[in-house]
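Participant: Sharing a structure below in structure tokens format, with a few things to ask.
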Amino acid sequence: MPYTQIAGTGHCVPERVVTNDELAGMMDTTDEWIQQRTGIRERHWIREGESGAGLAKVASERALAAAHIDVGEVEAILFATVSPDHMAPGNGVFLQRELGAGMIPAIDIRTQCSGFIYSLSIADAYIRAGVFRTILVVGAEVQSTGMDISTRGRNTAVIFADGAGAVVLQAHDDAAGSAILGWDLHSDGTFAEKLWVDAPGAIYHPRNQATHIETKGFAQMDGKEVFRHASTRMPESVRAALSHAGLSASDLALLIPHQANLRISEMVQRNLELRDDQVYNNIDRLGNTTAATIPIALDECVRAGRLKRGDILAMTAFGSGFLWGSAVLRW
Ligand code: COA
Numbered sequence: 031m032p033y034t035q036i037a038g039t040g041h042c043v044p045e046r047v048v049t050n051d052e053l054a055g056m057m058d059t060t061d062e063w064i065q066q067r068t069g070i071r072e073r074h075w076i077r078e079g080e081s082g083a084g085l086a087k088v089a090s091e092r093a094l095a096a097a098h099i100d101v102g103e104v105e106a107i108l109f110a111t112v113s114p115d116h117m118a119p120g121n122g123v124f125l126q127r128e129l130g131a132g133m134i135p136a137i138d139i140r141t142q143c144s145g146f147i148y149s150l151s152i153a154d155a156y157i158r159a160g161v162f163r164t165i166l167v168v169g170a171e172v173q174s175t176g177m178d179i180s181t182r183g184r185n186t187a188v189i190f191a192d193g194a195g196a197v198v199l200q201a202h203d204d205a206a207g208s209a210i211l212g213w214d215l216h217s218d219g220t221f222a223e224k225l226w227v228d229a230p231g232a233i234y235h236p237r238n239q240a241t242h243i244e245t246k247g248f249a250q251m252d253g254k255e256v257f258r259h260a261s262t263r264m265p266e267s268v269r270a271a272l273s274h275a276g277l278s279a280s281d282l283a284l285l286i287p288h289q290a291n292l293r294i295s296e297m298v299q300r301n302l303e304l305r306d307d308q309v310y311n312n313i314d315r316l317g318n319t320t321a322a323t324i325p326i327a328l329d330e331c332v333r334a335g336r337l338k339r340g341d342i343l344a345m346t347a348f349g350s351g352f353l354w355g356s357a358v359l360r361w
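Letter by letter, the sequence shown follows residues 31 to 361 of my numbering.
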């Protein structure tokens, strides 16, 4: 059975930086409140004319270049997003077109903040089963155009942001080489309405209603409930994925937690008894880019030389669904 390695990483965030002070000009909030509760100082939002597929294209090209792989060698695209450019089709086909890839499968994965971890696990299963040998996995979001940028939406508008990250996965046969060693995935739909976007939805007749724009069309979040579950589920899941790989938290060289909120990452770190240098956070600069946080952070770590061959890396996510999961790799 082949092993799955990450052969290259890339990311792209829009040029436009939105500071907390800028948000304070749009709604009743302060830089101090945002930093204290979330750890976020600034984030990136797209300008008109930019798109999620466009960000994903740049991230993917960087990942392909890092892997020294021509786009023609990619056998499948997995595109994790909760914010596709259009309701249908999904962003996978737009990326396939933009990249000039072959007529390969392009699959959108809709598991919100856990989208990258879920996509990684699916790609790993394809590779280990011998179905594909080279897969492009992308997490990309444009959250800024879907938020209620007013005092009413301030508990989510200060958190979510735009960006894209990509990895190229490749099959190889070296048992001692870099590989995905284990993963752990869960859902609990009991909490579906604790972080959700109600409409547009096919349950409504008709699906698109003008009144929804001001009511059900924005993300609604019970922040305290999300916080409580995220801070316990992520460490639990990291331990489970490590255990599937025959490892424990003391083996970890680096943990990349989903960048939901710096306070959540700090609780995950404490729970797993990790040092500051074992946990990577960039939410202060980038906010929460949903399915893109982990591949963006991974690319930053790779380019900064934070990972060396043989290091044990864990990545973990939690979000809307509730859905959560983790992956453990030998770098
Ligand atoms: N600026 C200023 N005040 C704000 C605010 C903002 N951006 N957002 C909310 N508030 C206010 C609320 O309106 C409320 O005011 P009230 O007491 O007058 O009603 C007060 O702050 C406390 O609100 P609450 O929602 O209880 O705050 P909190 O301490 O739970 O912090 C979050 C809010 C969103 C920062 C926090 O719950 C959180 O981070 N949760 C996790 C969210 C997350 O990670 N989501 C992504 C998951 S993938």
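Think of the CB as a built atom: it goes at the ideal place given N, C-alpha and C, for glycine as much as any other residue.
Can you tell me whether DSSP reads aspartate 281 as helix, strand or coil?
Facilitator: Here aspartate 281 sits in helix by DSSP.
Participant: With contact counted as at least three CB pairs below 8 Å, one residue from each stretch, are the region 305-321 and the region 76-84 in contact?
Facilitator: Contact fails: fewer than three Cβ-Cβ distances are below 8 Å.
Participant: Classify histidine 41: buried if its beta carbon has 16 or more other beta carbons within 10 angstroms, exposed otherwise.
Facilitator: By the neighbour-count rule (16 or more Cβ atoms within 10 Å), histidine 41 is buried.
Participant: Mind pulling the alpha helix (DSSP H) runs of 4 or more residues that sit fully within the region 157-206?
Facilitator: You should have 184-187.
Participant: Looking at glycine 193 and threonine 323, is the spacing between their C-beta atoms short of 9 Å?
Facilitator: Yes, the Cβ-Cβ distance between threonine 323 and glycine 193 is below 9 Å.
Participant: Nearest to glycine 355 by CA position, among Ala97, Ile233, Gly195 and Ile152, is which residue?
Facilitator: Answer by Cα proximity: Ile152.
Participant: Let me check understanding here. Comparing Cα to Cα, which of Val197, Ala106 and Met264 lies closest to asparagine 301?
Facilitator: Nearest C-alpha to asparagine 301: Met264.
Participant: Going by C-alpha to C-alpha distance, which of His259, His216 and Leu199 sits closest to leucine 94?
Facilitator: Of the candidates His259, His216 and Leu199, the one whose C-alpha sits nearest the C-alpha of leucine 94 is Leu199.
Participant: Which two residues bound the contiguous alpha helix (DSSP H) that contains glutamine 65?
Facilitator: Residues 61-68.
Participant: Assign serine 267 to one of three DSSP states: helix, strand, or coil.
Facilitator: Residue state, collapsed to three classes: helix.
Participant: Taking 8 Å as the cut-off, does the CB of cysteine 143 come closer than this to any heavy atom belonging to the ligand FAD?
Facilitator: Ligands in the displayed structure: the ligand COA; the ligand FAD is not one of them.
Participant: Let me confirm a value: aspartate 218 is counted as buried when at least 16 other C-beta atoms fall within 10 Å, else exposed. Which label applies?
Facilitator: That one is exposed.
Participant: Can you give me the C-alpha to C-alpha distance between threonine 363 and valine 188, rounded to a whole angstrom?
Facilitator: Beyond the ends of the chain as shown, which are 31 and 361, falls residue 363; an answer cannot be given.
Participant: Hey, out of Arg184, Thr319, Ala321 and Thr346, whose CA is closest to leucine 272's CA?
Facilitator: The option with the nearest alpha carbon to leucine 272 is Thr346.
Participant: Please classify histidine 74: does DSSP put it in a helix, a strand, or coil?
Facilitator: Histidine 74: strand per DSSP, three-state reduction.
Participant: Is valine 47 close to the ligand COA? I mean its beta-carbon at under 8 Å from any heavy atom of the ligand.
Facilitator: Answer for valine 47: no, Cβ out of range of the ligand COA.
Participant: Should arginine 263 be listed as close to the ligand COA, given that the test is whether its C-beta is under 8 Å from any heavy atom?
Facilitator: Result no, Cβ not under 8 Å from the ligand COA.
Participant: Report the CB separation of leucine 215 from tyrosine 148 in whole angstroms; it is logged as a contact under 8 Å.
Facilitator: Yes, they are in contact, since the Cβ atoms of leucine 215 and tyrosine 148 sit about 6 Å apart, within 8 Å.
Participant: For the beta strand (DSSP E) that contains phenylalanine 348, what are its first and last residues?
Facilitator: Phenylalanine 348 -> beta strand (DSSP E) spans 342-349.
Participant: What alpha helix (DSSP H) runs, 4 residues minimum, are completely inside the region 292-343?
Facilitator: Segments of the alpha helix (DSSP H) lying fully in the region 292-343: 292-301, 313-316 and 323-333.
Participant: So, do the region 167-181 and the region 84-93 have three or more beta carbon pairs nearer to each other than 8 Å?
Facilitator: In short, these stretches touch, since the Cβ pair count reaches three.
Participant: Between Met251, Ala249, Ala229 and Gln250, which lies nearest to threonine 241 when the distance is taken from Cα to Cα?
Facilitator: For the residues Met251, Ala249, Ala229 and Gln250, the minimum Cα distance to threonine 241 belongs to Ala229.
Participant: When you compare only the Cα positions, how much space is there between leucine 285 and alanine 201?
Facilitator: Distance between the alpha carbons of leucine 285 and alanine 201: 23 Å.
Participant: Entirely within the region 216-246 and at least 4 residues each: give me those alpha helix (DSSP H) ranges in chain order.
Facilitator: Runs of the alpha helix (DSSP H) inside the region 216-246: 240-244.
Participant: What's the gap between the Cα of glutamine 35 and the Cα of serine 208?
Facilitator: Going by the C-alpha atoms only, they are around 5 Å apart.
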